[in-house]
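Position in the sequence shown (first residue = 1) + 1027 = this note's numbering. Here the structure comes first, spelled out in structure tokens, and everything after it is commentary.
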Amino acid sequence: MNWSTRAVALAGAATHRHSRWAPAVAATPRHLFIPRWWKRGSDGWELHDGPSDPNRWLDAAYRDTSLVTRVGPLHADYATAADRPHGRPTSSATLPSLVVGMFQHARINDGDRLLDVGTGSGYGVALAARRLSDEQVTSVDVDLYLTEIARKRMSEAGVAPTLDTIDATGDLPYEPASFDRIVATVSVRTIPESWLRVLRPGGRLVTTIAGTSLLVTAEKDTDGGATGRVEWDRAGFMHARHGDDYPPGVAVRLAKAAELDGDDVTRAPYPVVDVTNAWDLASMLDVEAPGIEHEYREDGEQRVALMAHADGSWARATATGNERPTVHQGGPRRLWDALDKVRDYWLSNGELPASMSRTRGTSLPCSTSRRPVSSTSTGRTASSVSRSWHTPTDRGPGRRRPGTSGPPCTRAAPAGCGTPSIRSATTGSATASYRCEGPGWTSCPTVVRSSAAESGLPN
């Protein structure tokens, strides 16, 4: 099977030709890590088997896109063609450009020891091992099957990093300061204390905030804390899980949203949107109304979006194409109304504002400097402002935004970090204030800004 030419082309699509990651992408057989995958069809999730159609297999594997490998507890490797799993994707082979981008944000040097959180298919770990060495790379995943099959496939690909089956949100069985870099390709609400413990002082970690498209980088301080910032780039990963699947309540709530008649039935002003693939929109909504779960379905021109929350609130929007949808809503809150409120601001101002998130032990001074990141954070993180990209090619899983620089802060925070100010320059650079809580933190306004050079790209 002639995969090498395609891998070289993928390297050109996934990273800069002068990047130190390009040779690793060009030399790694991605198809070995994705022999089977799931794709959502009109009848739910459909199984695709690579070896039965080698050309389609290579086309899928060497395209810069993500492929879902596990839905709920059912991995594509041991599924049958008749299976139609229900629930959320729980593992995937992330698009290579995003994997490489996360590594680039980590500013990995040749001698660094790397902890990769979220083994998944194993492809990203294989890239790291090829770029560094087997001895320098350790990867962890909560799923025993994933670590075992990844080890086998990495051996076939010619690499053998350390793989451990661990819930990385808990304790880690490594000595303090074992790693120079930590890169997480799962999203978390808070940075676990265990990550900071095993990161050396001066070491750097990269992760994303669950429920948003916010990418956070931080460097460990000598006092055991970390100082970091929200990067301009966007990134989205599956939430870290603690077992075979996410809690069952999510699927149950969304299933009810698909069936119930609403207490309120209205016509909404905007078309049905796949919120999880509109990253800026999803981030803003999650800060305004955290904890909402989403599902989006298409059947020809028919579009359906479901929203549900643990408090019993739910919404269902249905429409043909881009027509105004019929919206059913129930429970204590009107979730679709909250979404439309965010879209009002977006369309009126040409940007998504940073909603004032609530954080503890977190501060971002009014400068271009970084902010302390505390493992005791409540998980409500500060969002950033960006221009609104509306075209399909600019949004969706794995799309990253170009870096840019921002102006100085536009105004000072009122006493106690009260109502924040939001402003965007015509260049698309942004300022945002953050409402902070916790002892010792009084400085709230900031500039969220970075550039390719500041981020270490395209190393």
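Glycine included, each C-beta is placed from N, C-alpha and C at the ideal position.
Q | Pick from Ala1278, Arg1256 and Gly1357 that is closest to His1321, judged by C-alpha positions | A | The residue given as residue 1321 occupies position 294 in the sequence shown. When each option's Cα is compared against that of His1321, the closest is Ala1278.
Q.
Can you look up Thr1192 in the DSSP assignment and give me helix, strand or coil?
A. Translated into positions along the sequence shown, residue 1192 becomes position 165. DSSP places Thr1192 in strand when its eight states are reduced to three.
Q. What first and last residue would you give for the beta strand (DSSP E) that runs through Glu1325?
A. Translated into positions along the sequence shown, residue 1325 becomes position 298. Counting along the chain, the beta strand (DSSP E) containing Glu1325 begins and ends at Glu1320 to Asp1326.
(Q) Using 8 Å as the cut-off, can you tell me whether the segment 1188 to 1206 makes contact with the segment 1122 to 1135, which would need three or more C-beta pairs spanning the two stretches below that distance? (A) No, they do not touch.
Q: Measuring alpha carbon to alpha carbon, tell me which of Ala1184, Pro1050, Pro1081 and Ser1093 ends up nearest Lys1066.
A: For the purposes of this step, residue 1066 is taken as the residue at position 39 of the sequence shown. When only C-alpha atoms are compared, the closest one is Ser1093.
Q) First and last residue of the alpha helix (DSSP H) that includes Val1152? A) For the purposes of this step, residue 1152 is taken as the residue at position 125 of the sequence shown. It spans Tyr1150 to Arg1158 - the alpha helix (DSSP H) in which Val1152 sits, taken as one unbroken run.
Q.
According to DSSP, is Glu1286 part of a helix, a strand, or is it coil?
A. Taking the sequence shown and counting its residues from 1, one reaches residue 1286 at position 259. Three-state result, Glu1286: helix.
Q: Report buried or exposed for Glu1286, applying the criterion of at least 16 other Cβ atoms within 10 angstroms of its Cβ.
A: Translated into the one-based positions of the sequence shown, residue 1286 becomes position 259. Counting Cβ neighbours within 10 Å, Glu1286 comes out exposed, since fewer than 16 surround it.
Q) DSSP state of Ile1176, grouped into three classes? A) What you label residue 1176 is simply residue 149 of the sequence shown in a count that begins at 1. Looking at Ile1176 - three-state DSSP - the assignment turns out to be helix.
**Q.** Residue nearest to Val1331 in terms of C-alpha spacing, selected from Pro1100, Tyr1089 and Thr1347
**A.** Start at 1 with the first residue of the sequence shown, and residue 1331 comes out as number 304. The candidate whose alpha carbon is nearest that of Val1331 is Thr1347.
Q. Can you tell which of Tyr1089, Leu1074 and Ser1079 has the C-alpha that lies nearest to the C-alpha of Leu1037?
A. For this step, residue 1037 is matched to residue 10 along the sequence shown. Selected option, being the one with the closest Cα: Tyr1089.
Q. Are Leu1141 and Ala1153 touching if we call contact CB-CB under 8 Å?
A. Taking the first residue of the sequence shown as 1, we reach residue 1141 at position 114. Taking the first residue of the sequence shown as 1, we reach residue 1153 at position 126. For Leu1141 and Ala1153, no; Cβs fall outside 8 Å.
Q: Can you have a look at Glu1175 and say buried or exposed, based on whether 16 or more other CB atoms are within 10 angstroms of its CB?
A: If you number the sequence shown from 1, residue 1175 lands on position 148. Burial state of Glu1175 is exposed, judged by a 10 Å Cβ sphere holding fewer than 16 other Cβ atoms.
Q: With DSSP collapsed to three states, give me the class of Thr1165.
A: Taking the sequence shown and counting its residues from 1, the one referred to as residue 1165 is at position 138. DSSP places Thr1165 in strand when its eight states are reduced to three.
Q. Taking C-alpha atoms, which residue in Gly1230, Arg1324 and Val1292 lies nearest to Arg1115?
A. Here residue 1115 refers to the residue found at position 88 when the sequence shown is read from its first residue. Among Gly1230, Arg1324 and Val1292, the Cα nearest to that of Arg1115 is on Arg1324.
Q.
Pairs of beta-carbons, one from the segment 1101 to 1111 and one from the segment 1068 to 1075, closer than 8 Å: are there three or more?
A. At 8 Å Cβ cutoff, the stretches touch.
Q. So what's Gly1499 in DSSP terms, helix, strand or just coil?
A. Nothing can be reported for residue 1499: it is not among the residues displayed for the chain, which extend from 1028 to 1486.
Q. By Cβ distance below 7 Å, which residues in the same chain neighbour Asp1288 in space, the five residues on each side in sequence not counted?
A. By one-based count along the sequence shown, residue 1288 stands at place 261. Around Asp1288: His1355.
Q. Given a threshold of 16 other Cβ atoms within 10 Å of its Cβ, counted over all protein chains shown, does Gln1329 qualify as buried or as exposed?
A. Counted from its first residue, the sequence shown places residue 1329 at position 302. Burial call: exposed.
(Q) Within 10 Å of its beta-carbon, does Gly1339 have 16 or more other beta-carbons around it, so buried, or fewer, so exposed? (A) Working through the sequence shown from its first residue, we reach residue 1339 at position 312. Around the beta carbon of Gly1339, fewer than 16 other beta carbons lie within 10 angstroms, which makes this residue exposed.
Q | Per-residue DSSP class, three states only, for Ser1124 | A | Mapped onto the sequence shown, residue 1124 falls at position 97. Secondary structure of Ser1124 (DSSP, three-state): helix.
Q. With contact counted as at least three CB pairs below 8 Å, one residue from each stretch, are the segment 1209 to 1216 and the segment 1077 to 1086 in contact?
A. No contact exists between the segment 1209 to 1216 and the segment 1077 to 1086.
Q.
Only counting the same chain, and skipping five residues up and downstream in sequence, which positions put a Cβ closer than 6 Å to that of Pro1298?
A. Against the sequence shown, residue 1298 aligns to sequence position 271. For Pro1298, where only same-chain residues beyond five positions count, the Cβ hits under 6 Å are Asn1349.
Q) Buried or exposed: which applies to Val1292, given that a residue is buried once 16 or more other Cβ atoms fall within 10 Å of its Cβ? A) Counted from its first residue, the sequence shown places residue 1292 at position 265. The residue in question, Val1292, is exposed, as its Cβ has fewer than 16 Cβ neighbours within 10 Å.
Q: Would you mind stating whether Ser1119 and Gly1145 have Cβ atoms separated by less than 8 Å?
A: Counting from one through the sequence shown, the residue named residue 1119 turns up at place 92. Counting from one through the sequence shown, the residue named residue 1145 turns up at place 118. In this structure, Gly1145 does not lie closer than 8 Å to Ser1119 by Cβ.
Q: Along the beta strand (DSSP E) that carries Pro1228, what are the first and last residues, could you check?
A: Position 201 of the sequence shown, counted from the first residue, corresponds to residue 1228. It spans Leu1226 to Ile1236 - the beta strand (DSSP E) in which Pro1228 sits, taken as one unbroken run.
Q. Skipping 5 residues on each side, what residues in its chain have a beta carbon closer than 8 Å to that of Val1052?
A. Taking the first residue of the sequence shown as 1, we reach residue 1052 at position 25. The answer, listed in chain order, is Ala1034, Leu1037, Ala1038, Ala1041, Thr1042, Pro1123, Val1127 and Leu1154.
Q) Which parts of the segment 1052 to 1112 are runs of the alpha helix (DSSP H), unbroken and 4 residues or longer, counting only runs that do not cross its ends? A) As far as the segment 1052 to 1112 is concerned, its whole alpha helix (DSSP H) runs of at least 4 residues are 1081 to 1088.
Q: Name the two residues that bound the continuous beta strand (DSSP E) containing Trp1341.
A: Here residue 1341 is taken as the residue at index 314 of the sequence shown, counted from 1. In the DSSP annotation of this structure, the continuous segment of the beta strand (DSSP E) that includes Trp1341 starts and ends at Trp1341 to Thr1347.
Q: Determine the DSSP secondary structure at Arg1047, reduced to helix, strand or coil.
A: Numbered from 1 along the sequence shown, position 20 holds the residue referred to as residue 1047. Reduced to three states, the DSSP call for Arg1047 is coil.
Q.
Taking 8 Å as the threshold (C-beta atoms), are Thr1254 and Val1243 in contact?
A. Position 216 of the sequence shown, counted from the start, is the residue given in the question as residue 1243. Position 227 of the sequence shown, counted from the start, is the residue given in the question as residue 1254. Pairing Val1243 with Thr1254 gives a Cβ-Cβ distance that is not under 8 Å.
**Q.** Coarse secondary structure for Leu1333, derived from DSSP in three states
**A.** The residue labelled residue 1333 in the question sits at position 306 within the sequence shown. If DSSP states are grouped into helix, strand and coil, Leu1333 belongs with the strands.
Q. Of the residues Ile1061, Asn1304, Ser1160 and His1336, which one's Cα is nearest the Cα of Gly1185?
A. What you label residue 1185 is simply residue 158 of the sequence shown in a count that begins at 1. Among Ile1061, Asn1304, Ser1160 and His1336, the Cα nearest to that of Gly1185 belongs to Ser1160.
Q: Using alpha carbons as the reference points, say which of Gly1197, Arg1224 and Tyr1105 lies closest to Asp1168.
A: The residue you call residue 1168 lines up with position 141 of the sequence shown. Minimum Cα-Cα distance from Asp1168 among the listed residues Gly1197, Arg1224 and Tyr1105 corresponds to Gly1197.
Q: Keeping to the same chain, check which residues put their C-beta closer than 6 Å to that of Ala1284; ignore five residues upstream and five downstream.
A: Looking up residue 1284 in the sequence shown gives position 257. Same-chain partners within the cutoff: Leu1333, Ala1335, Trp1341 and Arg1343.
**Q.** chain D contact for Ala1087 (CB, 8 Å cutoff)
**A.** Of the protein chains in the structure, only one exists, and it is not chain D.
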